[in-house]
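Down below is the structure, laid out as structure tokens.
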Amino acid sequence: MKIIEVTPNNVEQETLFCIKDIKKPGFESKRKWFEKRYKEGLHLKILKDNSDKMLGFIEYISANQAWRPVNAENFMFIHCLVVYSKKDRDKGYGSLLINEAEKETKKQQMSGLCVMTSDGSWIANKTIFEKYGFAEVDRRGRFELLSKTWDKNADIPKLFDWTKQQKKYKGWHLVYADQCPWHEKSAFDLLNTAMDYGVDLKVTKINSAKEAKNAPSGYGVFNLLHDGKLLEDHYISATRFKNILNKEVENL
1 MKIIEVTPNN VEQETLFCIK DIKKPGFESK RKWFEKRYKE GLHLKILKDN SDKMLGFIEY
61 ISANQAWRPV NAENFMFIHC LVVYSKKDRD KGYGSLLINE AEKETKKQQM SGLCVMTSDG
121 SWIANKTIFE KYGFAEVDRR GRFELLSKTW DKNADIPKLF DWTKQQKKYK GWHLVYADQC
181 PWHEKSAFDL LNTAMDYGVD LKVTKINSAK EAKNAPSGYG VFNLLHDGKL LEDHYISATR
241 FKNILNKEVE NL
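For the record, in the sequence shown the residue sitting at position 98 is 98 according to the UniProt record's numbering, with numbers rising by one throughout.
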């Protein structure tokens, strides 16, 4: 078992875990995003077995630089934790990866580690983090904010109220970031579907952690809205978007 840290120098060799084909547009968009964030302190680490098979990964960064609506001064924040195969999820692999983030957090003399969780789509649930000593400190909508701290004087991490951002989006809007390599394809598919339906979908790319913290959803980096209503907070297919369009048109 080994843990490999992805860097700008080895990213093509090690890939980005979620997308392995370096020729896909999503790989290039995530790589550019990753290289900029790497300079800001982002860590992306991949867990492999002895045959070099990828088992899981973790991505984390200082909470001040996190691309989620979280306020956690002097904390590290976990963007993503994935153990790919269901058969591998009770083998302690997730704990190995969380331990990597905790070691880095303590090395930087930070107050603790935090993460957003949910029972919904495209994000880890809180079970593994609670086993590792995390406790829920805030909740909003379908998302929980969990924290593990060793500093009794640390401020308690909080979630920003992303619902306040939603009302300013009049018409159809897709607001997304390249933090996930699959967002590029989803944005392309949704834009083309909107054109087929004669819908003016305004697409905006999030370019900074500050913008992501002020995004109109808990996930932060993918937001589909219509007239101030959040319709999806994670990437979707063209088929799913067609169903949304049909439903919204019926309600007009």
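We put the CB at the ideal spot given by N, CA and C, even for glycine.
| said: In the DSSP assignment, the beta strand (DSSP E) including Asp-138 goes from what residue to what residue? | reply: By 1-based counting over the sequence shown, the position of residue 138 is 138. First-last of the beta strand (DSSP E) with Asp-138: 135-140.
**OP:** List the DSSP bridge partners of Phe-241.
**Re:** By one-based count along the sequence shown, residue 241 stands at place 241. Beta-bridge pairing links Phe-241 to no other residue.
Note to self: Here's the rule: buried if 16 or more other CB atoms are within 10 angstroms of the residue's CB, otherwise exposed. What is Gln-165?
What the structure shows: Indexing the sequence shown from 1 puts residue 165 at position 165. Classification of Gln-165: buried, given that the 10 Å Cβ count is 16 or more.
At what residues does the beta strand (DSSP E) containing Val-82 begin and finish? For the purposes of this step, residue 82 is identified with residue 82 of the sequence shown, where counting begins at 1. First-last of the beta strand (DSSP E) with Val-82: 75-83.
In terms of residues, what are the limits of the beta strand (DSSP E) holding Trp-172? In the sequence shown, residue 172 corresponds to position 172, counting from 1. Note, Trp-172: beta strand (DSSP E), 172-176.
**Request:** Could you pull out every residue in the same chain whose Cβ sits closer than 6 Å to the Cβ of Phe-57, ignoring the five residues on either side in sequence?
**Result:** By one-based count along the sequence shown, residue 57 stands at place 57. Around Phe-57: Phe-17, Ile-46, Val-82.
Original post:
Quick one: what's residue 253 bridged to in DSSP?
Top reply: In the structure displayed, the chain extends from 1 to 252; residue 253 sits before or after that span and is not available.
Q | Element boundaries [alpha helix (DSSP H), containing Asn-125] | A | Taking the sequence shown and counting its residues from 1, one reaches residue 125 at position 125. Counting along the chain, Asn-125 falls outside any alpha helix (DSSP H), and DSSP gives it neither H nor E.
| query | Helix or strand or just coil, what does DSSP make of Lys-36? | reply | If you number the sequence shown from 1, residue 36 lands on position 36. Looking at Lys-36 - three-state DSSP - the assignment turns out to be helix.
key: Inter-residue spacing [alpha-carbon to alpha-carbon] between Arg-139 and Tyr-219   = To locate residue 139, count along the sequence shown from 1; it is residue 139. To locate residue 219, count along the sequence shown from 1; it is residue 219. Arg-139 and Tyr-219: Cα-Cα distance of roughly 13 Å.
Practice prompt. Following the continuous beta strand (DSSP E) through Gly-94, name the residue where it begins and the one where it ends.
Written response: Numbered from its first residue, the sequence shown carries residue 94 at position 94. Where Gly-94 is concerned, there is no enclosing beta strand (DSSP E), although the alpha helix (DSSP H) it sits in stretches over 93-107.
*Check each candidate in Lys-107, Lys-202, His-234, Val-11 and name the one with the smallest Cα separation from Lys-32.*
Sequence index remark: in the sequence shown, residue 32 carries index 32 (1-based). With distances taken between Cα atoms, Lys-32 lies closest to Val-11.
| Buried or exposed: Ser-51, going by 16 or more other Cβ atoms within 10 Å of its Cβ? | Position 51 of the sequence shown, counting from 1, holds the residue named residue 51. The residue in question, Ser-51, is exposed, as its Cβ has fewer than 16 Cβ neighbours within 10 Å.
- Which residues share a DSSP beta bridge with Leu-145? Numbered from 1 along the sequence shown, position 145 holds the residue referred to as residue 145. DSSP lists Met-116, Asp-138 as partners of Leu-145.
Item to complete: Using the Cα positions of Asn-9 and Gly-41, report the straight-line distance between them to the nearest angstrom.
Response: As a working mapping, residue 9 is identified with position 9 in the sequence shown. As a working mapping, residue 41 is identified with position 41 in the sequence shown. When rounded, the distance between both Cα atoms is 15 Å.
Next on the checklist: In this structure, how does DSSP classify Gly-56 when only helix, strand and coil are distinguished?
Outcome noted: Along the sequence shown, one-based indexing puts residue 56 at 56. Note: Gly-56 maps to strand in three-state DSSP.
Residue of Phe-75, Cys-80, Ser-95, Arg-240 minimising C-alpha distance to Lys-106 = Against the sequence shown, residue 106 aligns to sequence position 106. Lys-106 has its Cα closest to that of Phe-75, out of Phe-75, Cys-80, Ser-95, Arg-240.
TODO: Out of Asn-64, Cys-114, Gln-179, Leu-174, point me to the one whose CA is closest to Asn-192's CA.
DONE: What you label residue 192 is simply residue 192 of the sequence shown in a count that begins at 1. With distances taken between Cα atoms, Asn-192 lies closest to Leu-174.
Cα-Cα, which of Ser-111, Thr-239, Gly-94 is closest to Asn-125? For this step, residue 125 is matched to residue 125 along the sequence shown. For Asn-125, the nearest C-alpha among the options comes from Gly-94.
- Query: Roughly how many whole angstroms lie between the Cα atoms of Lys-30 and Ala-154?
  - Reply: Within the sequence shown, numbered from 1, the residue matching residue 30 stands at position 30. Within the sequence shown, numbered from 1, the residue matching residue 154 stands at position 154. Whole-angstrom Cα-Cα distance: 33 Å.
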